[in-house]
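Beneath this line is the structure, given in structure tokens, with notes to follow.
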Amino acid sequence: MKIWLITIPAMVIAFSGGIVLNDREWHSEVASEPKVAEAPLYWRAPMNPNFRSDKPGKSPMGMDLIPVYAAEQQKQQEAGIVTITPAVENNLGVRTAEVKRGQLVQQIETVGYVGYDENKLTQVNTRVDGWIEKLYVTAEGDPVKRGQRLFELYSPTLVNAQEEYLAALKSRNKGLLRASKARLSALGISAKAVQRLEQTLKVKQRISIYAPQDGYVANLNVRQGMYIKPSVTVMKLVQLDSVWVMAEVFERQAGWLKEGQPATMTLDYLAGREWLGKVDYVYPTLDSKTRTLRVRIRFENNDGMLKPNMFTRIAIQSRGKDNILMIPREAVIRTGNQNRVVKALGEGRFKSVRVKTGLETPEHMEILRGLRAGEQIVTSAQFLIDSESSVTRDFERMNFDDGQQKVVIVEGRVNTVMVEHRMLTVAHQPVDIWQWPSMTMNFTVDTNVDLALISEGDELRFELRDMGEQKYQISKILDHRHEEKSAAAHQHESATDYPAPDTVSSRNLEGSHTGMLMGSDSSEAAPTHSSMQGGSK
Numbered sequence: 092m093k094i095w096l097i098t099i100p101a102m103v104i105a106f107s108g109g110i111v112l113n114d115r116e117w118h119s120e121v122a123s124e125p126k127v128a129e130a131p132l133y134w135r136a137p138m139n140p141n142f143r144s145d146k147p148g149k150s151p152m153g154m155d156l157i158p159v160y161a162a163e164q165q166k167q168q169e170a171g172i173v174t175i176t177p178a179v180e181n182n183l184g185v186r187t188a189e190v191k192r193g194q195l196v197q198q199i200e201t202v203g204y205v206g207y208d209e210n211k212l213t214q215v216n217t218r219v220d221g222w223i224e225k226l227y228v229t230a231e232g233d234p235v236k237r238g239q240r241l242f243e244l245y246s247p248t249l250v251n252a253q254e255e256y257l258a259a260l261k262s263r264n265k266g267l268l269r270a271s272k273a274r275l276s277a278l279g280i281s282a283k284a285v286q287r288l289e290q291t292l293k294v295k296q297r298i299s300i301y302a303p304q305d306g307y308v309a310n311l312n313v314r315q316g317m318y319i320k321p322s323v324t325v326m327k328l329v330q331l332d333s334v335w336v337m338a339e340v341f342e343r344q345a346g347w348l349k350e351g352q353p354a355t356m357t358l359d360y361l362a363g364r365e366w367l368g369k370v371d372y373v374y375p376t377l378d379s380k381t382r383t384l385r386v387r388i389r390f391e392n393n394d395g396m397l398k399p400n401m402f403t404r405i406a407i408q409s410r411g412k413d414n415i416l417m418i419p420r421e422a423v424i425r426t427g428n429q430n431r432v433v434k435a436l437g438e439g440r441f442k443s444v445r446v447k448t449g450l451e452t453p454e455h456m457e458i459l460r461g462l463r464a465g466e467q468i469v470t471s472a473q474f475l476i477d478s479e480s481s482v483t484r485d486f487e488r489m490n491f492d493d494g495q496q497k498v499v500i501v502e503g504r505v506n507t508v509m510v511e512h513r514m515l516t517v518a519h520q521p522v523d524i525w526q527w528p529s530m531t532m533n534f535t536v537d538t539n540v541d542l543a544l545i546s547e548g549d550e551l552r553f554e555l556r557d558m559g560e561q562k563y564q565i566s567k568i569l570d571h572r573h574e575e576k577s578a579a580a581h582q583h584e585s586a587t588d589y590p591a592p593d594t595v596s597s598r599n600l601e602g603s604h605t606g607m608l609m610g611s612d613s614s615e616a617a618p619t620h621s622s623m624q625g626g627s628k
């Protein structure tokens with residue numbers, strides 16, 4: 092019995108010890124697993140983010156390449172992303188559409204006015220002076236038929252010409268007869284009237300004038316009993332079975348017009364009806380005041396529903412493109428200097444992106460850059476999302492070339508002042524945001540900075556601006572400190588704290604661009620000056 096009592100506690104202790112031992116062994120195994128180091132995606136130059144390499148090395152300016160990791164790239168890509176919960180998305184009424192490829196036809200929308208087809212307009216004049224004894228058409232707009240009597244004219248000239256013709260008939264002088272008959276024809280007497288004169292041998296005191304075509308009376312300029320001359324337009328006769336519509340297009344759209352292009356027309360008083368026509372003529376001159384170009388469009392009007400001076404809306408079908416990238420027009424957010432759209436990234440995430448647009452129609456717009464086929468974009472409530480995305484200042488950094496911040500604050504000491512070139516040679520401290528080490532560089536200086544106040548050895552805290560193409564300019568002096576030192580002290584500090592420009596290796600210079608690196612590599616860069624004002628540590 093005692094043996095059993097001793098054995099049981101021993102088994103319990105041994106079992107417990109095994110659990111503890113095993114637990115320690117498990118923790119030991121976990122702790123002993125080595126931590127895997129994250130491999131860089133690529134290496135890039137500190138001063139030029141567009142220069143990349145798949146392995147470590149030196150940049151074209153002799154600086155060590157900087158590794159870029161997945162986490163850093165993901166952080167950059169997430170700038171400007173807005174996350175919205177499904178409930179808020181539903182309340183905002185967010186709608187999306189897919190970026191697609193297809194055909195886009197350019198359309199010019201404008202307005203115009205209905206006018207007469209001047210190819211079917213006839214002007215009525217007389218060839219002799221006289222008096223209108225009887226006027227059969229008394230009001231503008233009256234319809235007339237071809238051959239209908241318009242008015243009767245008394246003219247002494249016509250009376251004399253008839254008498255001369257009758258005299259020639261009695262004389263039987265063929266030459267005189269031909270001359271007098273030709274004179275009657277020149278004065279506007281028809282061949283039928285001359286034949287009637289030969290039959291009756293009686294002079295008519297009043298000659299009737301007949302309508303040369305069907306149409307309507309326009310511009311009636313005479314009244315009964317009025318004396319007229321050949322220079323006076325008695326009336327105009329117009330036909331309305333076809334009309335002209337005069338429209339104007341903007342100067343930027345002038346190159347889209349071509350004769351023969353199809354056009355559609357609608358009017359307010361006949362809602363739902365559409366007329367089809369063609370561009371008849373594009374006028375050769377531009378209106379200097381309105382900066383618009385006149386275009387003439389011809390429409391058939393067999394039922395007479397189109398009336399002169401009616402206001403119309405015109406849509407001219409211009410050139411088109413096939414297989415282009417396009418999105419709904421309402422998705423584009425227009426600003427003063429750029430166009431943007433809001434991309435739907437999925438899972439309630441949205442981001443505003445800059446796009447370059449091309450052809451435009453009332454429904455769609457061509458995308459030249461900024462989107463790809465198959466992506467989702469927001470077509471409703473995009474303005475609210477865009478404003479929220481802009482809060483992150485993503486658009487201030489957005490650039491199709493790189494995303495580098497354009498202005499930074501830098502501290503450094505002046506080594507050389509080149510007044511004639513408006514340049515300073517500055518040994519500056521590290522610029523972390525641009526990932527620059529301490530080095531000596533040449534900078535151009537903005538015209539608002541007085542170089543006469545700057546001397547060699549001065550310590551500056553200044554605003555440095557990225558001008559693009561690896562050019563950098565000092566735009567503003569924020570803090571300026573003059574150092575009064577002995578020549579020996581100055582020479583000692585130049586040899587220890589800052590590298591002198593004459594130690595530069597010429598093989599490491601990057602051409603003659605502004606903002607040139609003066610140190611041969613990053614290992615020779617100057618340390619931070621401990622007595623710098625505004626940035627002392």
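If you use our numbering, the sequence shown corresponds to residues 92 to 628, in order. All C-beta atoms in this analysis are idealised placements derived from N, C-alpha and C, irrespective of residue type, glycine included.
State buried or exposed for residue i, treating a residue as buried only when at least 16 other CB atoms are found within 10 Å of its CB.
i: S262; result: exposed
i: H519; result: buried
i: L367; result: exposed
i: K497; result: exposed
i: S198; result: Here residue 198 is Gln; the residue named in the question, Ser, does not match the sequence. Classification of Q198: buried, given that the 10 Å Cβ count is 16 or more.
i: K146; result: exposed
i: I524; result: exposed
i: F341; result: exposed
i: Q473; result: buried
i: R343; result: exposed
i: T79; result: With the chain covering 92 to 628 only, the question about residue 79 has no answer from this structure.
Do residue j and residue i come within 7 Å of each other at the CB atom, strictly closer than that value?
i: I405; j: T201; result: yes
i: V561; j: D537; result: It is worth fixing the name first, because residue 561 is Gln in this sequence and not Val. No.
i: L278; j: A259; result: no
i: T187; j: Q467; result: yes
i: V446; j: V469; result: no
i: E255; j: S271; result: yes
i: R240; j: D305; result: no
i: S471; j: G184; result: yes
i: V308; j: V215; result: no
i: E629; j: R572; result: Outside the shown range of the chain (92 to 628) lies residue 629, about which nothing can therefore be said.
i: N310; j: K283; result: no
i: S299; j: N392; result: no
i: T213; j: P321; result: no
What are the partner residues of residue i, as DSSP defines its beta bridges?
i: E391; result: S333
i: T376; result: Answer is none; T376 lacks a bridge partner.
i: H519; result: G503 and M530
i: T291; result: Note: T291 sits in no beta bridge, so no partner.
i: F441; result: V173 and A435
i: L416; result: R192
i: A161; result: The partner list for A161 (beta bridge, DSSP) is empty, contrary to what the question assumes.
i: S409; result: According to DSSP, S409 bridges with nothing at all.
i: I458; result: T448
i: D155; result: K149
i: L367; result: T355
i: G232; result: In the DSSP output, where bridge partners are listed per residue, G232 has none listed.
Considering residue i, what are the terminal residues of the alpha helix (DSSP H) in which it resides?
i: T248; result: P247 to S262
i: N181; result: P177 to L183
i: L268; result: K265 to A277
Leaving aside the five residues before and after residue i along the sequence, list all residues of the same chain whose C-beta is less than 7 Å from its C-beta, in chain order.
i: L195; result: G411, K412, I415, M417, L450, T452, H455 and E457
i: G351; result: K369 and V370
i: W347; result: Q197, I199, S409 and R410
i: L268; result: A259 and L260
i: E547; result: V505, N506, T507 and V508
i: N428; result: none
Does any residue of chain C have a CB that is nearer than 7 Å to the CB of residue i?
i: Y374; result: Absent from the structure is chain C; it holds one protein chain and no more.
In terms of residues, what are the limits of the beta strand (DSSP E) holding residue i?
i: G346; result: Note, G346: premise wrong, no beta strand (DSSP E); not H, not E.
i: T426; result: T426 -> no beta strand (DSSP E), and no H or E assigned at all.
i: E224; result: G221 to L226
i: I300; result: R297 to Y301
i: K567; result: K562 to R572
i: V308; result: G306 to A309
i: L212; result: L212 to V215
i: L555; result: E550 to G559
Enumerate in chain order the residues of its own chain whose CB-to-CB distance from residue i is below 6 Å, with the five nearest sequence positions on each side excluded.
i: R77; result: The structure shown does not extend to residue 77, since the chain is modelled only from 92 through 628, so no value can be given for it.
i: M509; result: none
i: N430; result: V423, V446 and T448
Ignore the nearest five residues each way along the sequence and tell me which others in residue i's own chain have a CB closer than 8 Å to its CB.
i: G660; result: The structure shown does not extend to residue 660, since the chain is modelled only from 92 through 628, so no value can be given for it.
i: G316; result: W222, I223 and E224
i: Y360; result: M401
Closer than 6 Å to a non-hydrogen atom of the ligand MG - does that hold for the CB of residue i?
i: D332; result: The ligand MG is absent from the structure shown, which contains no ligand whatsoever.
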